[in-house]
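In the numbering used here, the protein residues as written are 2 to 292.
Beneath this line is the structure, given in structure tokens, with notes to follow.
Here it is in structure tokens:
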């Protein structure tokens, strides 16, 4: 137990430097970060609207226009022929997770320039815990957007099994963790907010289009074997397939393993990059940059 002086009184605190923070204190910190990110999202209504407009346009316009051209054969996890809008719905869920993860990294770049990130990272809590808490907050926001999209898609005729809305939650969480971790890693490499858009264009669109989000992998293999190989090394491919199988009550074990492995890799790299002792930020400080 530690004490500090306020006037003539010694006020005890709960922090013991030998034992560190308690589990309850970690929960309070996590709750504060979640609350801050939720308020930021709710106050940015245009961000919520734009996150839904993009996939809904693909569902309402693109899918309707190409329904007769891009038919989908019977492939797992589907047991019958499906409409094209049914096929691309998991990919559009992945699109929301992908763009939301990049938006979270954008907020970290902005906070770093404004000084808010400095305030967060110099707190006495472990740096890895602070970054993981911010990551969880971003994933929670993105999952909420996905479920709103799925609710709208239901009225458009995309109706997976009712239990699928619950079973897909772990897949959305793991995929969101992987993509938000990637965004966090990229945010550690971006020095200025102005450079963010250019970097994201070389990440978001190649990852999305070089995946089975819009067309099955067997069609890609028939048209371009090189592109098919690129799709196989694209982490987003396995995030989409994990969501696709989960929403129909199945598990794609290969996709599950790849998503978990990439999450560990991206998150571990991001934590090291934000470590001022040996990460990218320390090298940036040595050259006169800002964290």
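Note that CB positions come from ideal geometry on N, CA and C, so glycine has one too.
Check, Outcome
"7 angstroms Cβ shell around residue 238 - same chain, five flanking residues per side excluded", "212, 213 and 232"
"Whether residue 164 touches residue 250 by CB criterion (8 angstroms)", "yes"
"Nearest to residue 158 (by Cα), restricted to the options 202, 84 and 177", "84"
"Three-state secondary structure (DSSP) of residue 178", "helix"
"Short Cβ contact (8 angstroms threshold) for residue 346 with residue 97", "Residue 346 lies beyond the stretch modelled for the chain, which goes from 2 to 292, so this question has no answer here."
"Opening and closing residue of the alpha helix (DSSP H) in which residue 135 lies", "128-156"
"Nearest-angstrom Cβ-Cβ length linking residue 244 and residue 172, presumed shorter than 8 angstroms", "5 angstroms"
"DSSP three-state assignment for residue 83, whether helix, strand or coil", "strand"
"Beta-carbon contacts of residue 271 that lie in its chain and below 7 angstroms, excluding the five residues immediately before and after", "132, 182, 185, 186 and 189"
"Where residue 275 sits in the DSSP three-state scheme", "coil"
"Cβ shell of residue 236 (< 6 angstroms), same chain only, five flanking positions each side left out", "263"
"Cβ pair residue 62, residue 101 closer than 8 angstroms", "no"
"Residue 33 classed as buried or exposed, judged by whether at least 16 other C-beta atoms fall within 10 angstroms", "exposed"
"Exposed unless 16 or more other CB atoms sit within 10 angstroms - verdict on residue 65", "exposed"
"Run of the alpha helix (DSSP H) containing residue 222, from where it starts to where it stops", "218-224"
"Residue range of the unbroken alpha helix (DSSP H) whose run includes residue 163", "Counting along the chain, residue 163 falls outside any alpha helix (DSSP H), and DSSP gives it neither H nor E."
"Test item: CB-CB of residue 92 and residue 241 under 8 angstroms", "yes"
"Bounding residues of the alpha helix (DSSP H) (the contiguous stretch that carries residue 244)", "236-247"
"Under the three-state DSSP convention, the category residue 211 falls into", "coil"
"8 angstroms Cβ cutoff met for residue 136 and residue 178", "yes"
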